[in-house]
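Chemist: Below is a structure I'd like to ask you about.
There are 2 protein chains.
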Amino acid sequence: MTTGASSPIQVAFQGELGAFSQVATRQLAGDEAVPFPLPTFQQVFEAVANGTCSAAAIPIENTLHGSIHENYDHLLKFDLGIRAETFVRIVHNLIAPPGVHFADLKRVYSHPVALAQCLKFFDDNPSIKRIPHYDTAGSVKMIMEEGLKDAGAIASAAAAPIYGGKILKKSIEDDRQNFTRFFLLRPNSAPPEPPPTGHVKYKTTIVFTVKNVPGALFRCLSALALRDLDMTKIESRPLRGKPWEYLFYLDFMGSPEETAARNALGHLREMADMLRVLGTYPAAK
Amino acid sequence: MTTGASSPIQVAFQGELGAFSQVATRQLAGDEAVPFPLPTFQQVFEAVANGTCSAAAIPIENTLHGSIHENYDHLLKFDLGIRAETFVRIVHNLIAPPGVHFADLKRVYSHPVALAQCLKFFDDNPSIKRIPHYDTAGSVKMIMEEGLKDAGAIASAAAAPIYGGKILKKSIEDDRQNFTRFFLLRPNSAPPEPPPTGHVKYKTTIVFTVKNVPGALFRCLSALALRDLDMTKIESRPLRGKPWEYLFYLDFMGSPEETAARNALGHLREMADMLRVLGTYPAAK
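These protein sequence lines are chains A and B, in that order. When you line the first sequence up against the numbering used here, it's residues 90 to 374, in that order. When you line the second sequence up against the numbering used here, it's residues 90 to 374, in that order.
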């Protein structure tokens, strides 16, 4: 979904231009959004908090690797709200400088996680050496800048035109069930998103802590279950200063605009030690 | 607790000699256990699975950083059982070669996480540069081998005597609530641990999947809650091949030797899609 905003917005993301986060940025904020690459997730959150950017696109979980826990921690620390979610299928492409052919390749650069997701490609081509690099799109940037004649890079298709590379092989990843879920974040003080067109289901993300007594989490989950609200995810994170106690991040289908969800949040607030709604947004399909 | 085994056992752990995992090894398997350092967690699990080592000590969670998710994934893949748990307080020490004094130090090496846990020390000593290294104990090894005259390392107290270093400052970590929980693992075919002396409470760790219907996790947790069994931790991990579905790793106080816990596991087995008991062991204090 797009924000429908009339003026272009600057959207912070972690990585180089052409990263999968930039693909998410387009899905979340539309073609007019200006991608604003930054080196770390901390800097991405800061850029929105201090007004340098009006929004951020952050990965929150991947179907192979699990949650990006650092971003859950940042969601608690910063006063930003979740305004949208999207899924990006992680498709790895073999990219080389124009004029370099597949038979020329002696080495291929990429982020270690991307290299590890293309094992079949390397098994089928044992003469090609895999070399870890700090970033997927950054490895395309590097082989182009260095003008390497025997090297390729593995990255998103979006990275190729940005740096002038050519896609030699599409979709060389081992597992096609590789998706990353991204959030669009804005300051909580920003006006609400324009309502999406068509029928949408809403999802709400909350974070809460429970009293340190037996059955406390079970009772908190009853606030949702007894109202037939569908919990789609739960994630625990350590609670600072209280060893072996936890924060829970939870997603459920519903919006506080609806009676059942509103009552569930009220009920949960009675039982939880702390409760914060991080955002309500149209559920991605 | 110690295993009480009469012959020395080789215990695999990740890291260099003197790592915090080696401290855990001693707590878990006694002074007679022979520590067996390996570069990766994958290799640690393999060493026990293929019989090179009779046990492994692995970190599973830290009170500041959360779970070591990779090890949860290995627990599912390998047929090893959890036989004991222990907590290690992470105490960082400034170590230097003998003859090097505090005033001589221009740089200090350690793992990036350890450097980030001693920010106050570096703020108080702005002339000392922090330099990231691949391992805490490995940084002590390196400054000793290189015979550096202006460098120190941050590591466990155990690392100092192993490499001949001298502790210049004890306990320079910012946060004293920094504990890591470790498991002792053995093949499931190994004989049971000798019963511990004194009164102990048992803890059980399980992994399960739920049917993809609303309320499924809540119903599974009811098997424990309705029997007043105390769940001490829940962790979710992505389920391979089923995007946006999860495996749940759960700890609760109790042992299948006790009626309530045994019935709870039976009840859970009725409701879960898959259920495996990863181990029952005396709870650490």
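The beta-carbon is built from N, C-alpha and C at its ideal position, and this holds for glycine as well.
For K322 of chain B, list the residues DSSP reports as bridge partners.
Modeler: DSSP output for K322 of chain B lists B:D340 as bridge partner(s).
Chemist: Using a Cβ-Cβ cut-off of 7 angstroms (strictly less than) and excluding sequence neighbours within five positions of C309 of chain B, which residues of its own chain qualify?
Modeler: Taken in chain order, the residues that qualify are F297, V299, L357, M360 and A361.
Chemist: Counting contacts by CB-CB distance shorter than 9 angstroms, is I314 of chain A in contact with chain B?
Modeler: Residue identity check: residue 314 of chain A is Ala in the sequence provided, not Ile. Chain B, which has a Cβ nearer than 9 angstroms to the Cβ of A314 of chain A, makes this yes.
Chemist: Using DSSP with H/G/I as helix, E/B as strand and the rest coil, what is I147 of chain B?
Modeler: Of the three classes helix, strand and coil, the one that applies to I147 of chain B here is strand, per DSSP.
Chemist: Could you compute how far the alpha carbon of I217 of chain B sits from the alpha carbon of V197 of chain B?
Modeler: In a straight line, the C-alpha of I217 of chain B is about 7 angstroms away from that of V197 of chain B.
Chemist: Would you check if the distance between the CB atom of Q116 of chain B and the CB atom of V180 of chain B is smaller than 9 angstroms?
Modeler: Cβ atoms of Q116 of chain B and V180 of chain B: not closer than 9 angstroms.
Chemist: Taking 7 angstroms as the limit between beta carbons, can you name the residues of its chain near I157 of chain B, skipping five residues before and five after?
Modeler: These residues qualify, in order along the chain: P148, I149 and E150.
Chemist: Could you pull the DSSP bridge partners for E174 of chain B from this structure?
Modeler: E174 of chain B pairs with B:F272.
Chemist: Rounded to the nearest angstrom, what separates L318 of chain B and F341 of chain B at their Cα positions?
Modeler: Each residue's alpha carbon lies about 7 angstroms from the other.
Chemist: Please tell me whether Q103 of chain B has its Cβ less than 9 angstroms away from any Cβ of chain A.
Modeler: Chain A, which has no Cβ nearer than 9 angstroms to the Cβ of Q103 of chain B, makes this no.
Chemist: Is T321 of chain A close to chain B, meaning its C-beta is less than 9 angstroms from at least one C-beta of that chain?
Modeler: Closer than 9 angstroms to some Cβ of chain B, the Cβ of T321 of chain A qualifies, so yes.
Chemist: Considering just the uninterrupted stretch of the beta strand (DSSP E) at F102 of chain A, what are its terminal residues?
Modeler: Per DSSP, F102 of chain A belongs to the beta strand (DSSP E) from Q99 to Q103.
Chemist: Compare the beta carbon distance of Y370 of chain B and E282 of chain B with 9 angstroms and say whether it is the shorter of the two.
Modeler: Yes, the pair counts as a contact, with Cβ atoms nearer than the cut-off.
Chemist: So within the region 113-149 of chain B, which uninterrupted alpha helix (DSSP H) runs reach at least 4 residues, ignoring any that extend past its ends?
Modeler: Complete alpha helix (DSSP H) runs here, min 4: 130-138.
Chemist: I'd like the list of long-range same chain contacts for F211 of chain A, defined as Cβ closer than 6 angstroms, with 5 residues on each side in sequence excluded.
Modeler: Excluding sequence neighbours, F211 of chain A sits near R219.
Chemist: For T348 of chain A, count the other beta carbons within 10 Å of its own beta carbon; 16 or more makes it buried, fewer makes it exposed. Which is it?
Modeler: Result: exposed.
Chemist: Over what stretch of residues does the alpha helix (DSSP H) that includes G355 of chain B continue unbroken?
Modeler: Counting along the chain, the alpha helix (DSSP H) containing G355 of chain B begins and ends at T348 to M360.
Chemist: To the nearest angstrom, how far is it from the Cα of A192 of chain A to the Cα of A246 of chain A?
Modeler: C-alpha separation (whole angstroms): 21 angstroms.
Chemist: In chain order, what are the residue ranges of uninterrupted beta strand (DSSP E) at least 3 long that sit wholly in the region 160-237 of chain B?
Modeler: Whole beta strand (DSSP E) segments, 3+ residues: 169-178, 182-185, 196-199 and 218-221.
Chemist: Taking only beta carbons into account, state which residues of the region 253-274 of chain B come closer than 7 angstroms to chain A, listed in chain order.
Modeler: Those would be Q266 and F268, in chain order.
Chemist: Could you check if T92 of chain B is buried or exposed, using at least 16 other CB atoms within 10 Å of its CB as the buried criterion?
Modeler: In this prediction, T92 of chain B scores a pLDDT of 46, lower than 50, which makes its location untrustworthy; the coordinate-derived value is nonetheless stated afterwards. By the neighbour-count rule (16 or more Cβ atoms within 10 Å), T92 of chain B is buried.
Chemist: Taking 9 angstroms as the CB-CB limit, is P201 of chain A close to chain B?
Modeler: Not an interface residue.
Chemist: Report the three-state DSSP secondary structure of P371 of chain B (helix, strand or coil).
Modeler: In this structure, P371 of chain B counts as strand in the three-state DSSP scheme.
Chemist: What does a CB cutoff of less than 8 angstroms around V229 of chain A pick up in its chain, not counting 5 residues either side in sequence?
Modeler: Closer than 8 angstroms at the Cβ level, and outside the excluded window around V229 of chain A, lie G107, I184, A242, A244, A248, A249, I251, Y252 and G254.
Chemist: Could you name the residues that DSSP lists as bridge partners for V299 of chain A?
Modeler: Beta-bridge pairing links V299 of chain A to no other residue.
Chemist: So if I threshold CB-CB distances at 9 angstroms, which residues from the region 129-156 of chain A count as touching chain B?
Modeler: Flagged, chain order: E150, N151, T152, L153, H154, G155 and S156.
Chemist: For the alpha helix (DSSP H) that L310 of chain B lies in, which residues bound it at each end?
Modeler: L310 of chain B -> alpha helix (DSSP H) spans A305 to A314.
Chemist: So A242 of chain B is in the beta strand (DSSP E); what residue range does that whole segment cover?
Modeler: Unbroken beta strand (DSSP E) run through A242 of chain B: A240 to A244.
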